[in-house]
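In this text, residue positions in the sequence shown follow the UniProt record's numbering: the first is 1, and each later residue adds one.
We treat Cβ as the ideally placed atom computed from N, Cα and C, and that holds for glycine.
In this text the structure is predicted, and so the values were computed from the model without any measurement.
Right, one structure below, let's go through it.
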Amino acid sequence: VLDFLGSETDYYVWAGALTQLDWIRRRLEHIPQAHEAFTNYLLSLMNAVINHLGYNELATDSTSTILNRMQIMNFACNLG
1 VLDFLGSETD YYVWAGALTQ LDWIRRRLEH IPQAHEAFTN YLLSLMNAVI
51 NHLGYNELAT DSTSTILNRM QIMNFACNLG
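Shown next, in the form of structure tokens:
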């Protein structure tokens, strides 16, 4: 069900997904192996969108691109 996120770059899709994925991840905190595996899975899902967005803001970036970069980078940093 989540594999489509591996190729998704849209702000609105990720905005909805990140809230729910964080909820699932927090539920797994008491199961260290599952928590680590899920965290690694999330980071792998986010590789494509991170590469697409890049780390630096461009003058030509749309508002949704800027917001998406902020939410994706924040979430990825919180994952470790």
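(request) Go through its chain and collect everything with a Cβ distance to alanine 17's Cβ below 7 Å, but skip five positions before and after it. (result) Your numbering for residue 17 matches position 17 in the sequence shown. Same-chain partners within the cutoff: Leu5.
(message) I'd like to know whether the C-beta atoms of valine 49 and threonine 19 end up nearer to each other than 8 Å.
(response) For the purposes of this step, residue 49 is taken as the residue at position 49 of the sequence shown. For the purposes of this step, residue 19 is taken as the residue at position 19 of the sequence shown. Taking 8 Å as the cut-off, the Cβ atoms of valine 49 and threonine 19 do not count as close.
(request) Measure the CB-CB distance between arginine 26 and leucine 42 and report whether it falls below 8 Å. (result) The count along the sequence shown starts at 1 and reaches residue 26 at position 26. The count along the sequence shown starts at 1 and reaches residue 42 at position 42. No, these two residues do not count as a Cβ contact at 8 Å.
(request) Could you check which residue in Glu36, Ala37, Met73, His35 has the C-alpha nearest to that of leucine 53? (result) On the sequence shown, position 53 is the one that residue 53 refers to. Comparing Cα-Cα distances from leucine 53 to each of Glu36, Ala37, Met73, His35, the minimum goes to Met73.
(message) What would DSSP say about aspartate 10, mapped onto helix, strand or coil?
(response) Looking up residue 10 in the sequence shown gives position 10. Residue state, collapsed to three classes: coil.
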